[in-house]
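> In terms of numbering that gives the first Met the number 0, the sequence shown opens at residue 0 and continues consecutively. Even glycine gets a Cβ: it sits at the ideal position worked out from N, Cα and C. Computed from a prediction, not measured in an experiment: that's the story for all the values here.
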Amino acid sequence: MSTEPASLESLRVLYHSDDYIVVDKHWDIRIDSKMWYEKNTVQAQLRHRFPQLADPRTYYGFRFCHQLDFSTSGALCVALNKAAAGRAYRCFKDRTVTKFYLALIRGAVEGETHTVDFSIGKNSTEGKTHMMCVEGTEGCENPKPCQTELLVLEYGLYDGDPVTKVLLQPLTGRTHQLRVHCSALGHPIVGDFTYSSGTDNSPYRMMLHAHLLHIPLEPQPLRVTAGDPFVPAVDPKWLPQCSLRTLEDRKIKKEEQERVRKEEEDERRKRSKEQSTEEESEEQRRQCQQWLSEWAGD
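Next comes the structure, spelled out in structure tokens:
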């Protein structure tokens with residue numbers, strides 16, 4: 000990541016297989032667009048880098064498994080065929096995908112962990128229909144429950160103002176969920192022009208980054224990290240002052256949890272298979288007894 004604008008050549012690939020490509024999406028580029036003047040998109044970058052992989056049967060040439068906002072950077076998964084897209088889609092539909100985001104948010108967050116559970120709906124207020132809002136806000140339409148886990152990583156300053164670096168895990172997938180939840184907490188994301196009512200316009204980007212993506216595909220899960228762009232080497236306006244934990248600490252913990260979860264899942268499958276085998280044996284014996292009875296009667 001850098002502070003330079005996106006270009007067709009600036010596509011960064013994190014993972015590439017026969018079925019999927021995961022890219023580190025730039026912070027100022029749309030995934031795709033139907034507008035003729037929108038030349039610089041992730042779709043255009045992919046077509047430029049991998050013209051042989053574009054599928055003419057799709058509108059954009061590539062099947063994007065999920066979405067990231069225009070101003071959000073980080074891990075974005077692209078399926079390279081219809082079957083792979085279907086497998087990924089089922090994981091997203093069943094909510095088995097794990098995603099972690101890094102963010103710099105305004106102010107010093109009190110407490111190291113938070114579970115944010117404001118319901119979110121569409122803002123029907125004139126001039127704000129492109130925005131979402133929390134339940135109870137004037138003009139909030141059809142709010143739906145959603146939940147975000149927040150973990151404080153570091154405290155510091157951005158351009159002299161107090162900010163907190165946090166790790167966010169959306170447990171649901173509402174539009175603009177992380178941006179709305181942070182704003183509702185009183186700690187809007189640094190550089191979020193939309194949810195600061197146009198006042199936070201001095202940073203070069205919105206400080207929200209899709210850091211980790213885990214899709215439990217069979218037989219091989221897809222797990223990719225997109226690094227941390229919020230470091231002084233990239234943006235010297237960010238000055239860390241007090242670190243509570245590192246991403247590596249979180250990764251170790253997450254990997255241990257994933258290992259335990261996989262062992263438990265394997266054990267459940269084993270028991271289920273054994274039970275299924277026993278049931279099939281009973282069924283086979285019953286059918287055999289029935290056949291023998293009918294044969295004896297003849």
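Considering only residues of the same chain and omitting the five flanking positions on each side of Trp290, which have a CB-CB separation below 6 angstroms?
In this prediction, Trp290 scores a pLDDT of 43, lower than 50, which makes its location untrustworthy; the coordinate-derived value is nonetheless stated afterwards. None.
> Do the segment 178-186 and the segment 117-126 make contact, defined as three or more Cβ pairs closer than 8 angstroms?
Contact holds: three or more Cβ-Cβ distances are below 8 angstroms.
> Hey, could you find the ends of the alpha helix (DSSP H) Arg178 is sitting in?
176-183
> Under a three-way DSSP split, which group does Val41 fall into?
helix
> Would a C-beta distance cut-off of 9 angstroms place His113 and Glu148 closer than the cut-off?
yes
> Using only the alpha-carbon positions, how far apart do Glu8 and Glu134 sit?
42 angstroms
> Determine the direct distance from the alpha carbon of Arg244 to that of Pro161, and round the result to whole angstroms.
18 angstroms
> Quick one, are the C-beta atoms of Cys64 and Tyr100 less than 9 angstroms apart?
no
> Looking only at its own chain, which residues have a Cβ that is under 6 angstroms from the Cβ of Leu75, when we skip the five neighbours before and after it?
For Leu75, same chain residues with a beta-carbon under 6 angstroms away, outside a window of 5 residues either side, are Val22, Lys24, Leu67 in chain order.
> The beta strand (DSSP E) with Tyr154 in it runs from where to where?
147-157
> How many Å lie between Thr276 and Pro218 at the Cα?
Interpretation of Thr276 is limited by its pLDDT of 49, a score under 50 that renders its predicted location unreliable; no figure is taken from the coordinates.
> I need the straight-line Cα distance from Arg46 to Ala53, nearest angstrom please.
Arg46 and Ala53: Cα-Cα distance of roughly 6 angstroms.
> Should Phe192 go down as buried or exposed, given a rule of 16 or more other Cβ atoms within 10 Å for buried?
exposed
> Would you say Leu150 and Gln168 are within 9 angstroms of each other, going by their C-beta atoms?
yes
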